[in-house]
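There are 2 protein chains.
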Amino acid sequence: MPKRPDNDAPEVSAPERSTSGRAGRGEGRLADVEDAALTLFAEYGFHGTTMKDIAGALKMRAPSLYSHVASKQALLEMIVVSMHEMADRELRAALASTEDVAEQLRRAVEAHVRFHALHPRHWKISSREVIHLEEPAKSKVRGMRREFEALMIETIERGVERGCFDVASPKMTVYAMLRMSAGVGQWYRPDGEFSHAEIARYYGELVLRMVGHREPH
Amino acid sequence: MPKRPDNDAPEVSAPERSTSGRAGRGEGRLADVEDAALTLFAEYGFHGTTMKDIAGALKMRAPSLYSHVASKQALLEMIVVSMHEMADRELRAALASTEDVAEQLRRAVEAHVRFHALHPRHWKISSREVIHLEEPAKSKVRGMRREFEALMIETIERGVERGCFDVASPKMTVYAMLRMSAGVGQWYRPDGEFSHAEIARYYGELVLRMVGHREPH
DNA sequence: CCTACCGATCGGTAGG
DNA sequence: CCTACCGATCGGTAGG
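Those protein sequences? They're chains D and R, same order as listed.
Going left to right, the first sequence walks through residues 67 to 283 as my numbering numbers them.
Going left to right, the second sequence walks through residues 67 to 283 as my numbering numbers them.
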């Protein structure tokens with residue numbers, strides 16, 4: 067049995083005011099519920115977290131949650147879908163920010179690493195709980211992932227065509243770099259040895275080495 | 067709710083004989099129980115799998131499992147601990163197989179990639195369910211992981227000292243390569259585009275590029 | 001936002 | 001290996 071705080075009664079460890087900066091009632095409460103779910107799902111898993119746990123973190127009773135969210139499943143959907151939308155937006159912005167394909171790749175990796183360092187709960191939940199998403203959300207998310215990978219693969223292929231990358235398999239290379247970047251969210255700590263900016267820079271360099279980029283940068 | 071097969075009665079999809087090749091009774095049954103748990107925990111998560119599910123996969127009733135295993139928790143422990151022992155053994159064998167540090171690193175990566183390609187269920191469970199391990203198993207596993215990382219970091223440091231690697235942060239480099247190698251278990255398919263031997267070879271090369279290895283190999 | 005409560009299901013035990 | 005059954009807890013609803 068997972069050791070998770072018992073919430074037989076509302077507790078005193080919750081945010082005193084709304085995370086979204088609002089007054090603690092109204093539409094801002096949905097953001098609070100999502101934030102509590104984010105922390106608890108990431109720590110104990112979707113099935114290891116109960117609606118009572120989430121409510122307890124907000125000093126509420128479980129049934130009260132249902133005035134803000136339709137179901138536990140809907141909470142999971144919000145978390146996973148919004149994460150993929152954010153990551154996709156950042157990737158597209160990085161790719162659109164320059165014409166130099168090596169610089170596109172570097173910025174894409176830096177953005178991705180920073181994203182995972184700053185949103186570790188989202189990826190932890192997304193990666194391990196997709197299987198528990200109901201349709202059509204599950205297919206939607208899987209499609210978004212494939213699209214994300216395709217954008218990265220195309221970028222590397224473009225670099226190979228232009229002669230600045232030396233890559234035998236763009237697909238395997240992308241799988242490798244996406245996993246290592248996402249992995250940052252599992253070991254990065256804000257008070258740790260490296261800042262997220264340092265890590266992003268370092269991983270950007272690692273990836274340029276992986277693709278055999280030569281020119282001075 | 068996860069869509070997992072209902073097992074109101076024993077079903078007909080289970081192994082007809084013991085996975086371990088024994089007669090289907092006796093000590094071989096423990097291996098069958100572990101194998102069924104491996105598949106179901108990997109697919110639906112530890113909390114998303116019930117003892118009834120595991121029993122159903124073996125055409126049994128849930129209470130019968132308890133003559134082979136002490137608890138659901140004990141099953142999780144067996145899976146996670148044995149995985150880390152296997153991976154550790156393979157790493158040490160790779161490091162001991164040659165004096166050339168670049169070759170040590172290459173073989174370590176190849177072994178690690180192959181391991182994750184061949185045992186994807188073990189890592190999927192280990193990575194997401196450590197949190198649900200009870201003490202002292204949880205601390206033991208975390209110690210084994212740190213030791214594994216330390217062995218890899220030392221290898222890279224040795225390469226830097228000998229002048230064959232160019233690495234600014236062995237620690238970050240190891241985190242990166244371990245994540246990307248473990249990630250193979252999540253996309254490799256036996257009937258897919260690449261064989262696990264091809265992937266291992268490719269990832270070995272990627273890592274040698276990451277560490278700035280130059281000499282011809 | 002609450003109390004009261006629902007049917008379903010959980011991991012595990014008793015006792016054969 | 002089984003049936004019968006335990007206390008606890010689950011997500012969610014009713015009705016304020």
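Backbone N, C-alpha and C fix where the C-beta goes; we use that ideal spot for every residue, glycine too.
- At a cut-off of 9 Å between C-beta atoms, Tyr-241(R) counts as an interface residue with respect to chain D.
- Listed in chain order, the non-local C-beta contacts of Ser-192(D) below 6 Å within the same chain comprise Val-146 and Met-149, local neighbours out to five positions each way being set aside.
- Between Leu-171(D) and Gly-225(D) a beta carbon distance of about 7 Å is seen, short of the 8 Å cut, so the two are scored as contacting.
- With a 10 Å radius around the Cβ and a threshold of 16 neighbouring Cβ atoms, Pro-129(R) comes out exposed.
- Contact between Val-175(D) and Val-273(D) holds: their C-beta atoms lie close to 5 Å from each other, under 8 Å.
- The criterion of a C-beta distance shorter than 9 Å is not satisfied by Val-179(D) and Phe-231(D).
- In the assembly as shown, Leu-184(R) is an exposed residue. Its beta-carbon has fewer than 16 other beta-carbons within 10 Å.
- In the structure shown, Met-238(D) falls within a helical segment according to DSSP collapsed to helix, strand and coil.
- Rounded to whole angstroms, the separation of the alpha carbons of Pro-256(D) and Glu-100(R) is 39 Å.
- The stretch 138-145 of chain R makes contact with the stretch 100-113 of chain R: 3 or more CB pairs, one atom from each, lie closer than 8 Å.
- Membership of Leu-217(R) in the alpha helix (DSSP H) is indicated by the continuous run 203-227.
- Between the alpha carbons of Lys-204(D) and Ala-234(D) lies a distance of about 32 Å.
- By the CB criterion at 9 Å, Gln-139(R) and Leu-96(R) fall outside the cutoff.
- Each of Leu-157(D), Tyr-110(D), Met-117(D) and Val-135(D) was checked against the Cα of Ile-219(D), and the nearest Cα belongs to Leu-157(D).
- The Cβ atoms of Glu-195(R) and Gly-111(R) lie closer than 9 Å to each other.
- Counting only Cβ-Cβ distances below 9 Å, Trp-189(D) has no contacts in chain R at all, with the closest Cβ about 12 Å away.
- Residues of chain R whose Cβ lies closer than 7 Å to the Cβ of Tyr-132(D) do not exist; the shortest such Cβ separation is about 17 Å.
- Considering only beta carbons, the part of the stretch 94-112 of chain D lying closer than 9 Å to chain R consists of Glu-109, Tyr-110, Gly-111 and Phe-112, in chain order.
- Residues of the stretch 176-207 of chain R that bring their beta carbon within less than 9 Å of a beta carbon in chain D comprise Lys-190, Ser-193, Arg-194, Glu-195, Ile-197, His-198 and Glu-200, in sequence order.
- At a cut-off of 9 Å between beta carbons, Phe-260(D) contacts chain R.
- Each of Arg-280(D), Asp-98(D) and Ala-108(D) was checked against the Cα of Trp-189(D), and the nearest Cα belongs to Ala-108(D).
- Identification of residues in the stretch 228-257 of chain D having a C-beta nearer than 8 Å to some C-beta of chain R yields Ala-234, Ser-235, Lys-237, Met-238, Thr-239, Tyr-241, Ala-242, Met-243, Leu-244, Arg-245, Met-246, Ala-248, Gly-249, Val-250, Gln-252 and Trp-253, given in sequence order.
- Against chain D, the CB of Met-152(R) has no partner CB under 9 Å away; the residue lies outside that interface.
- In the structure shown, Val-233(R) adopts coil according to DSSP, grouped into three states.
- For Gly-225(D), the nearest beta carbon of chain R is not closer than 9 Å to its own beta carbon.
- The beta carbon of Tyr-268(D) lies closer than 8 Å to those of Phe-260 in the same chain, with the five residues before and after it left out.
- Taking all protein chains in view, the Cβ of Ala-159(R) is surrounded by fewer than 16 other Cβ atoms within 10 Å, so the residue is classified as exposed.
- If you check the CB distance, Arg-208(R) and Val-167(R) do not come in under 9 Å.
- When Cβ-Cβ separations below 9 Å define contact, Leu-272(D) makes contact with chain R.
- Interface flag for Gly-209(D) against chain R is unset, since no Cβ pair is found closer than 9 Å.
- Residues of chain D with a Cβ closer than 8 Å to the Cβ of Ile-145(R) do not exist, since the nearest Cβ in that chain sits about 16 Å away.
- Straight across, the Cα-Cα distance linking Met-246(R) with Met-246(D) is about 5 Å.
- In the DSSP assignment, Phe-107(R) falls within the unbroken alpha helix (DSSP H) covering 94-110.
- The alpha-carbon separation between Thr-221(D) and Ile-265(R) amounts to approximately 21 Å.
- Within chain D, the residues Arg-275, Met-276 and Gly-278 have their CB atoms less than 8 Å from the CB of Arg-275(R), given in chain order.
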